[in-house]
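Below: one structure, written as structure tokens.
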Ligand code: GRF
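Residue numbers (the UniProt record's numbering): 12 to 213.
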């Protein structure tokens, strides 16, 4: 399966996916990395791996529709089967999502439906939860609310700061995302009637 990864920052999840794809039997390859930030550290890391990169800055376009139209035109050239959002800090419109519905994944640094949105680690510590983690879900129109594909849990330690918790969660993200991508690429999970249907035994 052909995968396009969307980033806005360092791209550590994109790198974890790229590394997983190097396994000969892995059912996906990253054919492009897209970013909305020319300064995203992940861009040069992708280029160093010979992955085609595209940068579409929002401010370069009159409106959201024009911005998305440019991204969709580039996607029509790249022809991905799957989009993986990985630290991409922008919401896509329902029209954009409908073009790839059921084939867009996102990773969120919390155990959804708890703590959607930003500053998840700070909120987890504030709430006094003892278990935190990350979620890979199908992307739907609403933010961080699509059907869940996979989750990973980590303990919240008494002396955790948002930074130490973020580091522990990120380590699990880097294992979880390739697992979730593999499931989707192999057809072992699919989105149907707004739900994630996983094949038995998965
Ligand atoms: C990660 O915590 C991810 O869950 C969130 O953005 C953070 C940075 O991701 N979406 P990356 O290092 O850019 O992949």
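Using N, Cα and C, we set each Cβ at its ideal position, and we do this for glycine too.
| Check | Outcome |
| --- | --- |
| The alpha helix (DSSP H) enclosing residue 23, as first and last residue numbers | 23 to 32 |
| Simplified DSSP assignment, three categories, for residue 173 | helix |
| Whole-number beta carbon distance between residue 42 and residue 214, since they are thought to touch under 8 Å | Because the chain spans 12 through 213 in this model, residue 214 falls outside it and cannot be assessed. |
| Residue 202 versus residue 146: straight-line alpha-carbon distance, rounded | 16 Å |
| CA-to-CA distance, residue 63 to residue 93, given in whole angstroms | 16 Å |
| Residue environment, residue 131, which counts as buried when at least 16 other CB atoms sit within 10 Å | buried |
| Closest residue to residue 161 among 140, 209 and 114 (Cα-Cα distance) | 209 |
| Cβ neighbour criterion (16 or more within 10 Å) applied to residue 49 | exposed |
| Residue 123 versus residue 35 - alpha carbon distance | 32 Å |
| Distance, residue 101 Cα to residue 25 Cα | 16 Å |
| Euclidean distance between Cα positions of residue 51 and residue 81 | 19 Å |
| Residue 97 Cβ short of 7 Å to the ligand GRF heavy atom set | yes |
| In DSSP terms, what residue 38 is bridged to | Paired residue(s): none; residue 38 is not in a bridge. |
| Contacting residues, own chain, Cβ-Cβ under 7 Å from residue 168 (five flanking each side not counted) | none |
| Where residue 68 falls: helix, strand or coil (DSSP) | coil |
| Distance between residue 136 and residue 196 (C-alpha atoms, nearest Å) | 35 Å |
| Bridge partner(s) assigned by DSSP for residue 115 | 94 |
| Integer-rounded CB distance, given that residue 28 should sit under 8 Å from residue 192 | 6 Å |
| Exposed unless 16 or more other CB atoms sit within 10 angstroms - verdict on residue 170 | exposed |
| Distance, residue 198 Cα to residue 127 Cα | 27 Å |
| DSSP beta-bridge partners of residue 206 | 203 |
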